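A quick write-up on the structure given underneath.
Chains as they are written, first to last, in my numbering: chain E, 6 to 380; chain H, 662 to 1020.
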């Protein structure tokens, strides 16, 4: 594939891997967290862990927006979707995320009008085409997808669409990372910063990592070579005793972010005082809601969702697994109350979550695979 | 954590996996039709125990029924594709090729097909004529008669224009023993051509994605490819499947699970068209799980593999065949891929529909 093949080149990968090995202190163990779910996907898909020295461990972070959505928010979405006047629209990977009684795929089978869209603008189009129905968009995602929701709402307001609203579940990346950094049992040496989020917010918001916590951060792109290079940049910082924010993804991420997108977000959204994350509990100022100027488009107001909290089961230990304190099979509910088909915690929802991967592939999910020569 | 405790957890999981699944879903949803884990649960948790019999039990593309000294191959398939006509083919052609292919990859020579048409009230006759002619042409091409059939009309809104159900019967080749039980470590895995063309063509033809790309369905009868393989490999041909719904990833997971061995792939050997790769990349889906309608996966003993590959490449529709991997002792019951990038990746069975990722 044009423009992408270069970033998946095996020979270049070996060269970068050799450089990483050359700056690795064999006496030391390094733990690096990739914050973003998209990075986790790349790491799995291309087998990046096999290219790293034994001393370098990648820890998968909290950055999968569908995985961290708490059951209560899924339940509320389902409640709206079940209303006969509603056409409920959402991204495809939202369909399987479990609430306390089921998922959207099952509710659709029961007769709810649920339609998968690729962009919130598709939801807006459906609203225009169906003036006698109420169209609700279930908005999810970090700062990556929030601007497109903001632009859609601006357009809806300009057009004066009365039958369109947004159930806002946008979350922000910095607070959960700060929450992780605040926990005393965390052992991490550095962070791979989320590239797509950073195209919007830029690199400045990560400066607290080196300044307040002494942890370096490299903002990285999503091709496997991007990730490998960002590991190398982190290892160099650690080796040279530097500690700063670096931008590996310069081809897409301006240091100051995308000011236009930030402006649209600032107009449409405001911070929630707190928001619940699946498996991680409540985190202050970690999510967005619609600003007062957009109350008319707020599905939470239009349908007065009760804000019911469905408690994560007491035994769920996602937080500990995320911090690397526990291995997945050490969690009390792993494989019994919590399975990929009926996940309780965030790490069991996506097939790339640490627990789901361990459930499917056992030790092979994190160990280097020794299976002899290539066929 | 102690190794002992971890091992106990892993053993419990493994035990659970070997237990026959129970089908507990309160309703059927779209994931039950996607060919992945949910479909497996439906088949193995509900249909298999209800119909319980030795012909059904292997769950292969066609059942083999003893008949005198011969074995009859018997298969059926229903086609519910939207749109009815897509780049590279249409539902009628697909319905004939699909059933012919299920017979030929089971090592059988097709001798007759049935066709049932479920037509929605209001369908334009010219559409029906196009599909009937397409079926006749495909049957002619495969050299098998459509010997019986049925027609039903359902009310407007109760069907997508036209559904087609085809059933096929054939005579199994007595010299072949194609099954996952015949597979041995060291065997090579062959793929007859590019992956995901059909599924990608349909996704794009639906027009929901506003993607424009020239992708054509690969629907075709596999008869000439299978003949070439049989001639070249003879009894060294161990196993064949056509990777339709669920794609190559699903077929190979079934092979790994049923044979008890591991399947090891090389990513750079997987034939995928640039345009299909590009479309999949944009949609966040993996060509390994995208449907094919004119490809086969074959397992061949190592000593016959090169000849089998040459034979496939010499047939129309097999020019891009590759040896994509091999069977190994380890990792048992799993599929692993050496990536082009230099790492390894576990290939799971498809969970639910191949829905796009958002980030």
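No residue lacks a Cβ here, since even glycine has one placed at the ideal position from N, Cα and C. These numbers were taken from a predicted model, which means no experiment stands behind them.
- Contacts between residue 356 of chain E and chain H, judged by CB atoms closer than 8 Å, involve 1009, 1012 in chain order.
- Close to residue 111 of chain E, with beta-carbon spacing below 7 Å, are these residues of chain H in chain order: 688, 690.
- Any Cβ of chain H closer than 8 Å to the Cβ of residue 369 of chain E would place that residue at the interface, and such an atom is present.
- Take the alpha-carbon of residue 272 of chain E and the one of residue 159 of chain E: they are about 9 Å apart.
- The Cβ atoms of residue 988 of chain H and residue 763 of chain H do not sit closer than 8 Å to each other.
- Of all residues in the region 666-681 of chain H, those with a C-beta nearer than 7 Å to a C-beta of chain E are 667, 670, 671, 673, 674, reading in chain order.
- When DSSP assignments are scanned along the region 212-291 of chain E, the uninterrupted stretches of beta strand (DSSP E) that are 3 or more residues long and fall wholly within it turn out to be 222-225, 250-252, 274-276, 279-282, 286-289.
- Residue 355 of chain E places its beta carbon less than 8 Å from that of residue 71 of chain E.
- Shown here, residue 351 of chain E sits in a helix according to DSSP, grouped into three states.
- Under the Cβ criterion of 8 Å, residue 226 of chain E is not counted among the residues facing chain H.
- Distance from the CA atom of residue 18 of chain E to the CA atom of residue 144 of chain E, rounded to whole angstroms, is 37 Å.
- Within chain H, the residues whose beta carbon sits less than 8 Å from that of residue 13 of chain E are 1001, 1002, listed in sequence order.
- In the three-state reduction of the DSSP assignment, residue 369 of chain E falls in the helix class.
- Counting only Cβ-Cβ distances below 8 Å, residue 114 of chain E has contacts in chain H at 688, 689, 690, 691, in chain order.
- Interface annotation, residue 365 of chain E: in contact with chain H, CB-CB separation under 8 Å.
- In this structure the region 682-694 of chain H touches the region 96-112 of chain E; the number of beta carbon pairs closer than 8 Å is three or more.
- One alpha carbon belongs to residue 857 of chain H, the other to residue 917 of chain H, and they sit about 21 Å apart.
- Rounded to the nearest whole angstrom, the C-alpha separation of residue 67 of chain E and residue 835 of chain H is 56 Å.
- Identification of chain H residues near residue 19 of chain E by a Cβ-Cβ cut-off of 8 Å yields 1003, ordered along the chain.
- DSSP places residue 294 of chain E within a strand segment (E or B) once states are collapsed to three.
- Put simply, the CB of residue 75 of chain E is far from chain H, with every gap to its CB atoms at 8 Å or more.
- Residue-level contact check: residue 302 of chain E does not touch chain H, since none of the beta carbons of chain H fall below 8 Å from its beta carbon.
- Taking C-alpha positions only, residue 286 of chain E is separated from residue 35 of chain E by approximately 27 Å.
- Against chain E, the CB of residue 846 of chain H has no partner CB under 8 Å away; the residue lies outside that interface.
- With a minimum length of 3 residues, the unbroken runs of beta strand (DSSP E) contained wholly in the region 19-46 of chain E fall at 35-41.
- About 6 Å separates the Cβ atoms of residue 291 of chain E and residue 176 of chain E, confirming a contact at the 8 Å cut-off.
- It is roughly 10 Å from the alpha-carbon of residue 245 of chain E to the alpha-carbon of residue 239 of chain E.
- For residue 732 of chain H, same chain residues with a beta-carbon under 6 Å away, outside a window of 5 residues either side, are 725, 833 in chain order.
- Residue pairing by DSSP places residue 174 of chain E opposite E:145 in a beta bridge.
- Within the same chain, Cβ atoms closer than 7 Å to the Cβ of residue 683 of chain H are found at 706, the five residues on either side in sequence being excluded.
- Taking a Cβ-Cβ threshold of 8 Å, the residues of chain H close to residue 339 of chain E are 670, in chain order.
- The region 854-874 of chain H makes no contact with the region 788-802 of chain H, as fewer than three CB pairs between them are under 8 Å.
- Within the same chain, Cβ atoms closer than 6 Å to the Cβ of residue 936 of chain H are found at 874, 876, the five residues on either side in sequence being excluded.
- Under the DSSP assignment, residue 983 of chain H falls outside any alpha helix (DSSP H), being part of the beta strand (DSSP E) whose first and last residues are 983-989.
- At a cut-off of 3 residues, the continuous stretches assigned as beta strand (DSSP E) that sit fully inside the region 710-745 of chain H are 724-728, 731-740.
- Our two residues, residue 742 of chain H and residue 869 of chain H, have alpha carbons roughly 15 Å apart in a direct line.
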